[in-house]
Amino acid sequence: MARRTSLIACKNCGALVPRGTKVCPECGSTQFTENWSGMLVVVDPENSVIARELGIDKPVRKAILIGKKVMI
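Residue numbers (the UniProt record's numbering): 1 to 72.
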């Protein structure tokens, strides 16, 4: 059963954005889904080993899975 949250995930890049967002601020896509699970939050990318390993250089909130597709 799908859970209802205040966030939806961009199908293209996995960015988590507030429900009602029309255009992804990360990649410009207009396709979103509620079918996501797991969340990666990077607050301070300069001091984050995970951010460095993933090539993340700014604060982000990303879905780990969208459907069965791994996003990170």
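The beta-carbon is built from N, C-alpha and C at its ideal position, and this holds for glycine as well.
| Item | Value |
| --- | --- |
| Judging by CA-CA distance, which residue of I72, M71, V70, I66 is the nearest neighbour of T33? | I66 |
| State buried or exposed for G14, treating a residue as buried only when at least 16 other CB atoms are found within 10 Å of its CB. | buried |
| Taking DSSP as the reference, what is the three-state secondary structure of V49? | helix |
| Tell me which residues share the same chain as L40 and place their Cβ nearer than 7 Å to its Cβ, disregarding the 5 neighbours each side in the sequence. | K62, I64, I72 |
| Could you give the first and the last residue of the continuous beta strand (DSSP E) run that contains I64? | 60-66 |
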